[in-house]
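See structure below.
Residue numbers (the numbering used here): 476 to 764.
Below is the structure:
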């Protein structure tokens, strides 16, 4: 029971920090011209996923300082409340790395090429697009993060593939207000429940940030951008890697590859619109269209 209290404390702390910082981040992005026209032709502040990076860095700084300060002051901090570096380090690498490549795509990306096939095709013709840069860079970041969890080459490559595919999946889903977060939040909460104490405490903070973002996302006040969707996808991939064995990870990899292949031919939004239960879930909490 105490373990879950610590996990809740991490999530609530992250949510409070996010609530304080989000208006400032939105104001900064708006003044910088980081505005994008959404599917309803409404101007919305883009790249709000930067909030995840800012809050995470603040929390990691606090996690580094608080135990030392507590020792100096003679204050006891239970082990369950201290974020483990074994979990925090690969998560930090993923958040910063995936966020960086997403930010580059948000800032410099064009619609000249679309889809995995389009960007890789352009690369083979000697033209580097932000999409191709992301397709190369994120797997490299995933390999780096995975190497901190395992020393076996095949294990590292397989885990990195799963993380990269999860990044791509969240990116494909983030085409309507709140859609990516509606998938991310339930899955993240499940992983927190299924995982150990150090992992639960660390990832609870990310769930807290996501719960703050979804309200503004559904109201069409912000967009996560590739910056945010890449980070959330990377975190979900890390959750799968850290929690389950290959009896779960391999089927998920196959499903995500199939999703990529299908989205090259079919629109996810069109599929969602045709299936009543998916359409109802997709519209939940969103303004009437």
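We put the CB at the ideal spot given by N, CA and C, even for glycine.
Shown here, residue 732 sits in a helix according to DSSP, grouped into three states.
Take the alpha-carbon of residue 696 and the one of residue 625: they are about 41 Å apart. In this structure residue 577 is in contact with residue 704, their Cβ atoms being roughly 7 Å apart against a cut-off of 8 Å. Here the C-alpha atom of residue 747 lies approximately 17 Å from the C-alpha atom of residue 736. With 16 or more other Cβ atoms from the protein chains shown falling within 10 Å of its own Cβ, residue 649 counts as buried. Pairing residue 666 with residue 527, the inter-Cα distance amounts to about 18 Å.
Between the alpha carbons of residue 546 and residue 714 lies a distance of about 31 Å. With respect to the 8 Å criterion, residue 574 and residue 606 are not classified as neighbours on the basis of their beta carbons.
Using a Cβ distance threshold of 8 Å, residue 496 and residue 530 count as a contacting pair.
In the displayed model, residue 739 falls within coil according to three-state DSSP, outside both helix and strand.
Contact check for residue 525 against residue 702 passes: the beta carbons are separated by less than 8 Å. In this structure, the straight-line span from the alpha carbon of residue 751 to that of residue 550 is close to 55 Å. Every alpha helix (DSSP H) of 4 residues or more that sits fully in the segment 636-677 is shown, in chain order, as 654-669. According to the DSSP assignment, residue 609 belongs to the alpha helix (DSSP H) that extends over 605-622. The Cβ neighbour count for residue 639, taken over all protein chains shown within 10 Å, is at least 16; the residue is labelled buried.
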